[in-house]
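Let me begin by presenting the structure, written as structure tokens, before commenting on it.
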Amino acid sequence: MLAVLRHRGLAGAVLVGHSMGAQVVAEAMLRDPEAVRRAVLVGPVVDPSGATVAQQALRLARDGRHEPAGVNAVVATDYLRAGPRWYSAVLPHMFAYDTAAGVARLPGPVVVARGERDPVASREWVRRLADLAPSGTAREVPRAGHVAMATHAPLVARWVREDPS
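Here the sequence shown is numbered in full-length UniProt numbering, starting from 1 and rising by one per residue.
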């Protein structure tokens with residue numbers, strides 16, 4: 001991601017990361033704060049209250065009842081397309097990455113968001129991350145599940161466009 005920003009000559013980007021992507025965005029901001037000015041982390045993993053593979057899988061499965069059929073189809077297709085080999089390779093990195101420690105060192109503003117019904121990222125976890133960040137804000141999308149940026153795009157887009165300065 002940082003290589004693409006550099007290649008395009010972009011600086012001061014606002015990056016949005018969802019679920020595992022929240023870890024990627026946090027790390028990108030830590031590595032190159034000139035390239036990444038602000039971050040929006042939606043449904044960040046790994047909530048310590050469910051920090052095992054089985055708990056994460058169960059929470060993700062439970063989220064299906066809070067998502068529209070179209071979103072569930074996209075999620076299922078993505079996992080099928082990536083395959084179990086990819087998931088097995090990525091999972092250890094997801095669990096090894098200390099999201100809280102990374103967020104606590106973020107050099108710029110960050111919005112940490114979740115859907116009100118998100119079983120993957122609890123309200124307590126999102127608030128904790130926002131409190132740890134030097135310039136963090138916790139947000140919640142009403143009546144949304146884990147994929148809040150897809151089901152409530154205008155609201156999440158507003159948070160992306162907000163300038164906290």
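Beta carbons are placed, not taken as given, at the ideal position from N, Cα and C, and that holds for glycine.
Query, Result
"Helix, strand or coil at alanine 96 according to DSSP, with G and I counted as helix", "helix"
"Valine 126 - DSSP class collapsed to helix/strand/coil", "helix"
"Opposing strand residues paired with histidine 18 [DSSP bridges]", "Val42"
"Residue-level contact to chain C via CB, alanine 54, 7 Å cutoff", "The chain inventory of the structure shown lacks chain C, comprising one protein chain alone."
"Residues bridged to threonine 137 (per DSSP)", "Val111"
"Alanine 26 and glycine 115 closer than 7 Å at C-beta", "no"
"Contacting residues, own chain, Cβ-Cβ under 8 Å from threonine 137 (five flanking each side not counted)", "Pro109, Val110, Val111, Val112, Ala130 and Pro164"
"Arginine 37 to glycine 9 span [Cα, whole Å]", "14 Å"
"Tryptophan 159 versus serine 135 - alpha carbon distance", "14 Å"
"Supposed contact pair methionine 149 and residue 175 - C-beta distance, whole angstroms, cut 8 Å", "Given that the chain is displayed from residue 1 to residue 165, the structure contains no residue 175 and the question cannot be resolved."
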